[in-house]
Amino acid sequence: MQHIVMLSAFILYICILLVIGLCASWLNPANPSDKSSFLIGNRSVNYWVTAISAHAADMSDWLFMGFPAAIYLGGMFNVWVAIGLMIGMFSAWQFIAPAIRRETERYSCNTLPSYFEKKYNETQGRISILSAIIMAFFFTIYVAAGVKGAGYLLRASFGIPYHVGGAIALAITFAYTFMGGYIAAAWVDFFQGLFLLGAILITPVLGYMMSGGINAIITAAQSAQVPLTLFSGWHSMLGIILGPITWGLGYLGMPHIISKFMGAHSAQEMHKSKYIGMIWQLLALSGATLTGFVGLALFYSRITRPELLFLLMTQTLLPEFVTGLVLCGILAATLSTINAQSIVFAGVLVDDIYKRFVRPNATQTELVNIFQAAVFTVCVCGYIVAWDEHSTIFNLVQFAWSGLGASFGPLTVMSLYSSGINKYGAFWGILAGGLSAIIWRSLNITVAGFTINEMLPGFIVGLATIKLVSHFTREYLKANHPSKAHI
Numbered sequence: 017m018q019h020i021v022m023l024s025a026f027i028l029y030i031c032i033l034l035v036i037g038l039c040a041s042w043l044n045p046a047n048p049s050d051k052s053s054f055l056i057g058n059r060s061v062n063y064w065v066t067a068i069s070a071h072a073a074d075m076s077d078w079l080f081m082g083f084p085a086a087i088y089l090g091g092m093f094n095v096w097v098a099i100g101l102m103i104g105m106f107s108a109w110q111f112i113a114p115a116i117r118r119e120t121e122r123y124s125c126n127t128l129p130s131y132f133e134k135k136y137n138e139t140q141g142r143i144s145i146l147s148a149i150i151m152a153f154f155f156t157i158y159v160a161a162g163v164k165g166a167g168y169l170l171r172a173s174f175g176i177p178y179h180v181g182g183a184i185a186l187a188i189t190f191a192y193t194f195m196g197g198y199i200a201a202a203w204v205d206f207f208q209g210l211f212l213l214g215a216i217l218i219t220p221v222l223g224y225m226m227s228g229g230i231n232a233i234i235t236a237a238q239s240a241q242v243p244l245t246l247f248s249g250w251h252s253m254l255g256i257i258l259g260p261i262t263w264g265l266g267y268l269g270m271p272h273i274i275s276k277f278m279g280a281h282s283a284q285e286m287h288k289s290k291y292i293g294m295i296w297q298l299l300a301l302s303g304a305t306l307t308g309f310v311g312l313a314l315f316y317s318r319i320t321r322p323e324l325l326f327l328l329m330t331q332t333l334l335p336e337f338v339t340g341l342v343l344c345g346i347l348a349a350t351l352s353t354i355n356a357q358s359i360v361f362a363g364v365l366v367d368d369i370y371k372r373f374v375r376p377n378a379t380q381t382e383l384v385n386i387f388q389a390a391v392f393t394v395c396v397c398g399y400i401v402a403w404d405e406h407s408t409i410f411n412l413v414q415f416a417w418s419g420l421g422a423s424f425g426p427l428t429v430m431s432l433y434s435s436g437i438n439k440y441g442a443f444w445g446i447l448a449g450g451l452s453a454i455i456w457r458s459l460n461i462t463v464a465g466f467t468i469n470e471m472l473p474g475f476i477v478g479l480a481t482i483k484l485v486s487h488f489t490r491e492y493l494k495a496n497h498p499s500k501a502h503i
C-alpha cells in the first residue's frame, strides 16, 4: 500500500511535467530549423524563469544526494563548497550574464562555441569540433551522476532495480526535451526549481525539530568525529583555497548555465534574475547543509550509503503521499540538469557542426533526427558510465564540473574582458584547460596534505595558454606574414 501511494504521487508529478512541457510547446512552438527559437527560445525568457531555470539546471541530484552526504561525512569544512558556489554564481550573474547576453546577440550566436568562433573569426570549425568533443566527454560523466541518483532513488523508494530506474529517468528526459526545445525546458525547469526548493527546505527543518535540535547534532558530530568549525587555523585556509572554494570558478564557463543567460529577454533585466537566483541558491544550499547535519543526529551509524540520507529522512518524517512528491524533487533536479546539458550538446553538434560543415542544405526532419540522436547518444554513454554503482555522485559531479569550467571558463572571461586574443589562443586555451583538469585528476596531487581541486590548475593553465599562444602567434605572424597579423 505504501508503494502504491508514493507511486501515485510520483506519476502525478510526471504528468504535471509533461503538461507543462506540452503547454510551453503549444504556446511557443519551437522549430529546429529556426536555431534561435529551438536553442535559446528567441531570447524571450522573462527574468523569473531565467533565474530559477538557470539554478535548477545547475544543481542536479547533487543538491539532494551528493552535497548532504559530503556534509554528513566531512562536516563544516565542506560548507566552503557552498560558499565557493555562492561567490562563483554571484560573479557569473554580475560579470558574465549581461555581457554574454549582449555579445551573443551582437554576433547572432545561439551557442557558446559559435560565439567564440565569430568573435575571433575562426571559420574552419575547429573550436566547435573541439568544444563538442569536450562537452560530449564531460556531459557524459554529468549524465552518469544523474542516472546514478535516479537509480538510487527509485530502488530505495519503489524497489525498482538500479539500472531500470536510471533508464526510466532518461526516458522521461527524452519526452519533454523533444516537445519544444529551449522554451519547454525552461518552463519545466522553472516549475522544478520552485518544487525542489520547497522540498530541500521543508524536510530538514522537520528533521531538525524531531532530532532534538542543535545539542543532538553536536553530540552526534562529536561521536562521529565530524568537524563543526569552518576555520581551524591558517593551515586549513590553504586547503579551503585549493579545494572547495574553487568550485565557484565553474560558473564562469558552464555551457548549460550560460545558455540560460543567452536566452534571457533582456540584458538590462539581468540584475533582477541575479537577486532572485541568488536567494534561491542561498536557501537551497542552506537546506542541503542542514540535511547533512540533521542526518548525523537522526541516523548516525544507521545508514550505510550517505547519499540516501535525504531519501531516508523524507520516508521517516513525512506522510506517504507527501514523501512521493518530495522524492520527485530529487528526480526533478536530475531531469533538469540532464535536459539542459543534452540540449546544449545537441545544439552545438547540429547548429555549429552538422548544418554548417556536413549538410548545409539539411532538411528540418534531418536536423531533428540528428538532434535526437545526439541527445540519445550522450545519455546512453552516461548510462553506461553509471552502470558501476560504486562511484559517488559527489565525485562524478566534481570531475565533470571542473572539466567544463576549466575548458570554457577562461575563454569566456577573456572574450568579454580582455583584448589581444586570437583564434589560436582561443582554441589552445580550451584544449589546455580541459586536458589539465583531466591530467590533474589522474595524478591526484596534494599540497601540504590537501587535495587540489582540478578546477584551479585547469583554469590557470587555460588563462595562461590563451594569453601566451595569442601573443606568440601574433608576433610570429607580424614577422613572417604581416598581412595575417591581425587574425
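Sequential numbering from 17 applies to the sequence shown in this note's numbering. Each residue gets a CB set at the ideal place from its N, CA and C atoms; glycine is no exception. Since this is a predicted model, take the numbers as computed values, not measurements.
- Item | Buried versus exposed call for Ile27 [16 or more other C-beta atoms within 10 Å across all chains shown] | exposed
- Rounded separation between Arg118 and Leu432 - CA only: 10 Å
- Query: Hey, is Lys483's beta-carbon within less than 9 Å of any beta-carbon in chain C?
  - Reply: Within the model displayed, chain C is absent; a lone protein chain is all it includes.
- Tell me, please, whether the stretch 85-96 touches the stretch 306-320 by the rule of three or more beta-carbon pairs shorter than 8 Å. yes
- Secondary structure at Phe207, three-state DSSP: helix, strand or coil? helix
- Message: Restricting to runs no shorter than 3 residues, where is the beta strand (DSSP E) found entirely within the stretch 234-281?
- Response: none
- Task: Mind checking which residues open and close the alpha helix (DSSP H) that includes Asp74?
- Result: Tyr63 to Met75
- Item | Between the CA atoms of Leu244 and Met253 - distance to the nearest angstrom | 15 Å
- Can you list, in chain order, the stretches of the alpha helix (DSSP H) that have 4 or more residues and sit fully within the stretch 90-114? 95-107
- alpha helix (DSSP H) containing Cys395: first to last residue? Gln380 to Val401
- Query: Could you give the C-beta distance for Gly266 and Met430, rounded to a whole number, given that I count them as a contact under 8 Å?
  - Reply: At roughly 16 Å, the Cβ-Cβ gap does not stay under 8 Å, so Gly266 and Met430 are not in contact.
- Task: Kindly indicate which three-state DSSP category Phe80 falls into: helix, strand or coil?
- Result: coil
- Determine the burial state of Trp403: buried for a count of at least 16 other Cβ atoms within 10 Å of its Cβ, exposed for fewer. exposed
- At which residue ranges does the stretch 285-351 contain complete alpha helix (DSSP H) runs of 4 or more residues, listed in the order of the chain? 286-315 and 325-333
- Query: For the candidate residues Val477, Ile476 and Ile68, whose alpha-carbon lies nearest to that of Trp203?
  - Reply: Ile68
- Per DSSP, Thr481 forms a beta bridge with which residues? Answer is none; Thr481 lacks a bridge partner.
- Query: Nearest CA to the CA of Ile400: which residue from Leu186, Met22, Ser282 and Ser173?
  - Reply: Leu186
- Are Leu210 and Ile468 close, meaning C-beta to C-beta below 9 Å? no
- Does DSSP put Thr120 in a helix, a strand or coil? helix
- Query: Taking the alpha-carbon positions, what's the Thr66 to Glu491 distance?
  - Reply: 42 Å
- Alpha carbon to alpha carbon, how far is Leu268 from Ala108? Give it in angstroms, no decimals. 5 Å
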